[in-house]
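In this note's numbering, the protein residues as written are 393 to 649.
Cβ atoms here follow ideal geometry from the backbone N, Cα and C, with glycine treated the same way.
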């Protein structure tokens, strides 16, 4: 087991100029009329769990623009250092997650802004995890903003995203176990014992947002998924030893690193 530490992420002074939400090429901005994207490397969150020998460090990029339908100003978690191909995969996946949110809610005008929960959450010896949470609001504003959640987990051994299918050879068996674990853990959260049961039915959509941590699979539920808006965003961590028998054996050591 590698040794982890919690590090404060320093503020960097590098300034970048980029184009689309998945590129730092200035030519991309010109190819997308009405969209202006700028990026600035900053700290993502006050702390990040980091393996000192992993070689990666947490940064972020500020992505702003206006498509005519969507105005956005979002801090996106990124990494630097380590294997360039792995860092590129993680960074592009985080930018793609934002682009999915920009492309969502077809036909509506809305804004997307940053929330403080976003960050590179774990830099392990064999895995990278990142969380993007944005604030969606109708334009003109509605009753209250709605948080949108996205996660990225990358295997640093091969530079590939780790998906539910990667983790669970029998996907349905894995989803069934995640549903069981969520039912066990949710009463201890703000959702309480009366949590919304439909939000943990064993479907891919209900468990699409998760992060790898040394302790277990950190499952992030969307707004309203397991309780009313007033309870806020809810998460639970299912210990790896309670999932191990339905996981791909080769993945156990990767996600728990």
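Report task. For residue 473, I'd like the list of residues in its chain whose CB is within less than 8 Å of its CB, leaving aside the five on either flank, ordered along the chain. Result -> 447, 448, 449 and 479
Query raised in the report: Hey, would you say residue 541 sits closer than 7 Å to residue 601, going by beta carbons?
Result: yes
Query - Neighbour-count burial assignment, residue 576, 16 or more Cβ in a 10 Å radius - result: exposed
Requested in this report: Express the C-alpha separation of residue 606 and residue 444 in angstroms, rounding to a whole number.
Outcome: 15 Å
Query raised in the report: Nearest CA to the CA of residue 645: which residue from 567, 525, 548 and 615?
Result: 548
Query raised in the report: Given residue 537, which residues of its chain have a CB within under 7 Å of its CB, disregarding the five upstream and five downstream residues?
Result: 527, 528 and 529
Requested in this report: Taking all protein chains shown into account, decide if residue 616 is buried (16 or more other Cβ within 10 angstroms of its Cβ) or exposed.
Outcome: exposed
Query - Classification of residue 413 by the beta-carbon crowding that lies within 10 angstroms, buried from 16 upward - result: With a pLDDT of 35 at residue 413, under the threshold of 50, the modelled position of that residue is not reliable, and the figure given next carries that caveat. With 16 or more Cβ atoms within 10 Å of its Cβ, residue 413 is classed as buried.
Query raised in the report: Skipping 5 residues on each side, what residues in its chain have a beta carbon closer than 7 Å to that of residue 593?
Result: 571
Query raised in the report: Is the beta carbon of residue 687 sitting closer than 7 Å to the one on residue 626?
Result: This structure cannot speak to residue 687, because the chain is shown only from 393 to 649.
Report task. Report the rounded CA-to-CA distance for residue 531 versus residue 502, giving the unit in angstroms. Result -> 5 Å
Requested in this report: Within its chain, find whatever has a CB closer than 8 Å to the CB of residue 553; leave out the 5 residues flanking it on each side and keep chain order.
Outcome: 481, 485, 544, 545, 546 and 547
Query - For residue 522, the residue or residues it bridges with in DSSP - result: 512 and 544
Query raised in the report: Around the Cβ of residue 498, are there at least 16 other Cβ atoms within 10 angstroms (buried) or fewer (exposed)?
Result: exposed
**Report entry** Chain-order list of residues whose beta-carbon lies under 6 Å from that of residue 684 (same chain, five-residue window excluded)
**Finding:** With the chain represented from 393 up to 649, any question about residue 684 goes unanswered, as that position is not in the structure.
Query raised in the report: How long is the line joining the alpha carbons of residue 636 and residue 466, rounded to whole angstroms?
Result: 36 Å
Query raised in the report: Mind checking residue 564: buried by the 16 CB within 10 Å criterion, or exposed?
Result: exposed
Query raised in the report: By the 10 Å Cβ neighbour count, where 16 or more other Cβ atoms means buried, how is residue 489 classified, buried or exposed?
Result: buried
Report task. Have a look at 456, 517 and 475 and flag the residue whose alpha-carbon is nearest the alpha-carbon of residue 506. Result -> 456
Requested in this report: Answer with yes or no whether the minimum CB distance from residue 533 to chain B is below 7 Å.
Outcome: Among the chains of the structure shown, chain B does not appear; only one protein chain is present.
Query - Distance CB(residue 573)-CB(residue 619) smaller than 7 Å - result: no
Query raised in the report: How is the alpha helix (DSSP H) around residue 492 delimited, first residue to last?
Result: 476 to 495
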